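Below: one structure, written as structure tokens.
Protein chains: 2
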Amino acid sequence: MKIILVGASGTIGRAVGAELERRHDVVRVGRSGGDFRVDITDSDSIRRLYAEVGEFDALVSTVGKVHFGPLERFTPEQFDVGLRDKLMGQVNLVMLGLASIRAGGSFTLTSGLLNDDPIREGASAAMVNGALEGFVHGAAVELSRGLRINLVSPTVIEEALPVYAPFFPGVKAVPAREAALGYVKSVEGVQTGRVYRIGWSRDT
Amino acid sequence: MKIILVGASGTIGRAVGAELERRHDVVRVGRSGGDFRVDITDSDSIRRLYAEVGEFDALVSTVGKVHFGPLERFTPEQFDVGLRDKLMGQVNLVMLGLASIRAGGSFTLTSGLLNDDPIREGASAAMVNGALEGFVHGAAVELSRGLRINLVSPTVIEEALPVYAPFFPGVKAVPAREAALGYVKSVEGVQTGRVYRIGWSRDT
Chain A
0 MKIILVGASG TIGRAVGAEL ERRHDVVRVG RSGGDFRVDI TDSDSIRRLY AEVGEFDALV
60 STVGKVHFGP LERFTPEQFD VGLRDKLMGQ VNLVMLGLAS IRAGGSFTLT SGLLNDDPIR
120 EGASAAMVNG ALEGFVHGAA VELSRGLRIN LVSPTVIEEA LPVYAPFFPG VKAVPAREAA
180 LGYVKSVEGV QTGRVYRIGW SRDT
Chain C
0 MKIILVGASG TIGRAVGAEL ERRHDVVRVG RSGGDFRVDI TDSDSIRRLY AEVGEFDALV
60 STVGKVHFGP LERFTPEQFD VGLRDKLMGQ VNLVMLGLAS IRAGGSFTLT SGLLNDDPIR
120 EGASAAMVNG ALEGFVHGAA VELSRGLRIN LVSPTVIEEA LPVYAPFFPG VKAVPAREAA
180 LGYVKSVEGV QTGRVYRIGW SRDT
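In order, the protein sequences belong to chains A and C.
The opening position of the first sequence corresponds to residue 0 in numbering that gives the first Met the number 0, with each subsequent residue numbered one higher.
The opening position of the second sequence corresponds to residue 0 in numbering that gives the first Met the number 0, with each subsequent residue numbered one higher.
So, in structure tokens, the structure goes:
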């Protein structure tokens, strides 16, 4: 398969790339490095990426920024960061990729646990992750040509603990190579409209 | 309690108002009618509403527009309708209401079942409903002064079937007065960070 990996140089992206390249042709994409570049907040940049790469079988996104901060001081502009980047950036990778993905192909996006397992300063991340779950559920029932879409929702990544540990007291981390399994399951499996929770489970 | 009801003239809003006014002082707010008017997509309009109404004990929102349409033809502008109106409109009712809600007060917002029980043409509604769930979970753990926040997620409303029935094949509707129970539970109860699913349950 020809797999476009957006966020290839990130903590999760590197692990996903290392696993997928054993069996597939991985096209590495980043904001500032890789085989191709993209700014996911810019539709024209996404269009250029797909024009350059041509037909493909799978799009994997391991990117997306959100702002973290105390709820009572959140501004509309800070909520917008997550809506424009992690949410609509990934959604637009799907929407604009529909024209050049081959039949039977798949989209795999990334969220995180905060919509179900909230933390201090994480209201925007919780909002965006919930939105991604909703979108993936909603899109999966409408995709044609055997196309599939899934979401990987990892817990904190071990390699990122130096930065994130203070925000996640008592949360067990997983190594990036474990999170990578969710992407492999989505790309090489047959399911659609699923949320692969890595290292945590929803409390319902 | 002094309760601000945004969307008071809508199908759900009327049922919620009828139930809450038996025991409370209900301030009815709408886009074009009621005791006060508000455009929830306009932060200045929301600020004016709160300045006019003064201190209050509960904010109930039963409003929010999203665009429905086939996934493959969705434009960024159509996704924006739901993000600006049903999502950030309701979120801004919370954020801007923090300054004048009394200690122990509550916010109650409205989503719907589509993020977990998707239908054709409902990708944006699914996205927005999921985002609202995430936000309510995230906000609940950070609110101070005993403030609470919950979400009511009703199935299709019986009174709205003439418009919505074609979109929801096989979905059992509930009368608006049954959906109203969720709002009563949120306003008069003690829970926070909860999603009250009315007439349906999540399949997990």
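Think of the CB as a built atom: it goes at the ideal place given N, C-alpha and C, for glycine as much as any other residue.
Because the structure is a prediction, the values reported are computed rather than measured.
L160(C) is classed as exposed because its beta carbon has fewer than 16 other beta carbons within 10 Å across all chains shown. D34(A) is the residue among D34(A), V151(A), I2(A) whose C-alpha sits nearest the C-alpha of S8(A). Shown here for D116(A): same chain residues with a beta carbon closer than 7 Å to its own, the five before and five after excluded, namely W199 in chain order. The C-beta distance from N128(A) to G111(A) rounds to 5 Å, short enough to meet the 8 Å contact threshold. Listed along the chain, the chain A residues whose CB falls inside 9 Å of the CB of D115(C) are E132, G133, H136.
Put simply, the CB of N149(C) is far from chain A, with every gap to its CB atoms at 7 Å or more. According to the DSSP assignment, T107(C) belongs to the beta strand (DSSP E) that extends over 100-109.
At least one CB atom of chain A sits nearer than 7 Å to the CB of L70(C).
Taking C-beta separations shorter than 6 Å and ignoring five residues to either side along the sequence, the partners of G145(C) in its chain run A102, G103, following chain order. DSSP places V15(A) inside the alpha helix (DSSP H), whose first and last residues are 10-19. Secondary structure note for D24(A): its beta strand (DSSP E) is the uninterrupted segment 24-29. Counting only unbroken stretches of 4 or more residues, the alpha helix (DSSP H) elements lying wholly within the stretch 25-60 of chain A are 42-52, in sequence order.
Neighbours of A122(A) in chain C, taken as residues whose beta carbon is under 7 Å from its own, are F134, G137, A138, E141 in chain order. Under the DSSP definition of a beta bridge, I118(C) lacks any partner. Between G81(C) and V65(C), the C-beta gap is smaller than 7 Å, which places the two residues in contact. Here the alpha carbon of E120(C) sits roughly 15 Å from the alpha carbon of V170(C). Following the DSSP letters along the chain, one finds S143(A) in no alpha helix (DSSP H), marked with neither H nor E. Distance from the Cα of V194(C) is smallest, within the candidate group I100(C), I118(C), F134(C), for F134(C). P153(C) carries a strand assignment under DSSP once its states are collapsed to helix, strand and coil. Taking all protein chains in view, the Cβ of S60(C) is crowded by 16 or more other Cβ atoms within 10 Å, so the residue is classified as buried.
Taking the Cα positions, F166(A) is about 7 Å away from I118(A). Residue state for R83(A) is assigned as helix, using DSSP reduced to three classes. Under the three-state reduction of DSSP, V62(A) is assigned to coil, being neither helix nor strand.
Scanning its chain for C-beta atoms nearer than 6 Å, with the 5 sequence neighbours on each side dropped, one finds around R176(C) the residues A14, in chain order.
The Cβ atoms of V28(A) and V5(A) sit closer than 7 Å to each other. For L112(C), no CB of chain A lies under 7 Å from its own CB, so it is not counted at the interface with that chain. Shortest Cα-Cα distance from V140(A) to any of E51(C), A98(C), V189(C), N114(C) involves N114(C). Here V52(A) is not near I100(A), since their CB atoms are 7 Å or more apart. CA-to-CA, the gap between P174(C) and E158(C) works out to about 7 Å.
With the criterion set as a beta carbon lying under 8 Å from some beta carbon of chain C, the members of the stretch 56-89 of chain A are P69, L70, E71, F73, P75, F78, L82, L86, M87, in sequence order. Here R196(A) carries a strand assignment [DSSP, helix/strand/coil].
E76(C) and K85(C) have their C-alpha atoms some 14 Å from each other.
Counting other Cβ atoms within 10 Å of its Cβ, Q190(C) stays below 16 and is therefore classed as exposed. K1(A): member of the beta strand (DSSP E) spanning 1-5, first to last residue. A straight-line Cα-Cα distance of about 8 Å links V93(C) and L58(C). Proximity of chain A to R119(C) at the Cβ level (cut-off 9 Å) is accounted for by V140, E141, in chain order.
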